[in-house]
Amino acid sequence: MADILDTTDLLTRIKEGVSKGVRIVNIRSKEAYETLKIKGEIQSLNKQRRKAIEDLGSSVYRLFKHKNSISEESIKTKCIEIAKIEERIWESEEQLRLVHENAQKELGKLKAIAKPRVVGTCECGAEIYEGSQSCSKCFRKVEQYK
């Protein structure tokens with residue numbers, strides 16, 4: 010009878026371990042997918058920003074070369090466009106930070122779910138957990154309680 014209970018306990022622990030592993034893979038793969046997507050957006054926005062800055066420089070040079078004067082309004086418009094792109098980059102970077110933060114929170118919840126199995130009780134009354142080498146309360150060696 011004890012063998013059946015041990016086998017059932019072992020199978021339950023294996024099932025819980027596999028289930029936890031699958032949840033971890035799910036969280037990590039979702040994080041990786043979101044990270045790649047957001048980094049792609051950031052890369053695209055950085056290209057737009059570089060092009061807008063190059064266009065601004067070219068416009069300033071052309072205006073100066075051909076008119077000997079610079080239209081402040083056209084420069085201002087291009088600078089506003091660049092500032093908007095930079096704002097979108099910042100928002101994407103913040104979104105990326107939140108993706109990582111949320112994944113860490115989810116992983117933390119999984120770790121909190123997985124409680125170690127109690128294998129005995131110490132003379133002081135504290136529970137002894139599987140894999141412990143000593144009592145967490147009085148620090149006696151665990152071998153005494155096996």
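Just so you know, the sequence shown maps onto residues 10 to 155 in the numbering used here.
Each residue gets a CB set at the ideal place from its N, CA and C atoms; glycine is no exception.
Pair within 8 angstroms by beta-carbon distance, residue i and residue j
i: V128; j: Q142; result: no
i: I91; j: A61; result: yes
i: I84; j: V69; result: yes
i: K146; j: C131; result: yes
i: N55; j: I89; result: no
Rounded separation between residue i and residue j - CA only
i: K155; j: G30; result: Caution is warranted here: a pLDDT of 46 is assigned to K155, below 50, making its placement in the model unreliable, and no coordinate value can be reported.
i: L119; j: V34; result: 12 angstroms
i: R37; j: L45; result: 12 angstroms
i: G117; j: E110; result: 11 angstroms
i: S28; j: C133; result: 35 angstroms
i: R32; j: E96; result: 35 angstroms
i: D64; j: S80; result: 14 angstroms
i: A135; j: K39; result: 40 angstroms
i: G160; j: R59; result: Within the shown structure, residues of the chain are numbered from 10 to 155, placing residue 160 beyond reach of any answer.
i: T16; j: K24; result: 12 angstroms
i: C144; j: L20; result: 27 angstroms
First and last residue of the uninterrupted beta strand (DSSP E) at residue i
i: V128; result: V127 to T130
i: E136; result: E136 to Y138
Neighbourhood of residue i by C-beta, 7 angstroms cutoff - its chain only, sequence neighbours within 5 removed
i: A41; result: none
Which listed residue (the options) has its alpha carbon closest to that of residue i
i: E43; options: A135, R106, E81 and E25; result: R106
i: P125; options: K48, G134 and Y138; result: Y138
i: Q104; options: H75, K48 and T16; result: K48
i: Q57; options: K93, K24 and S67; result: K93
Close-in-space but distant-in-sequence residues of the same chain around residue i (CB under 6 angstroms, 5 per side omitted)
i: S101; result: I47, E50 and I51
i: K76; result: none
Contact set for residue i: own chain, Cβ-Cβ below 8 angstroms, skip 5 residues either direction
i: K74; result: none
i: K87; result: A61, D64, L65 and S68
i: R149; result: C131, E132, C133 and S143
i: V108; result: E40, E43, T44 and I47
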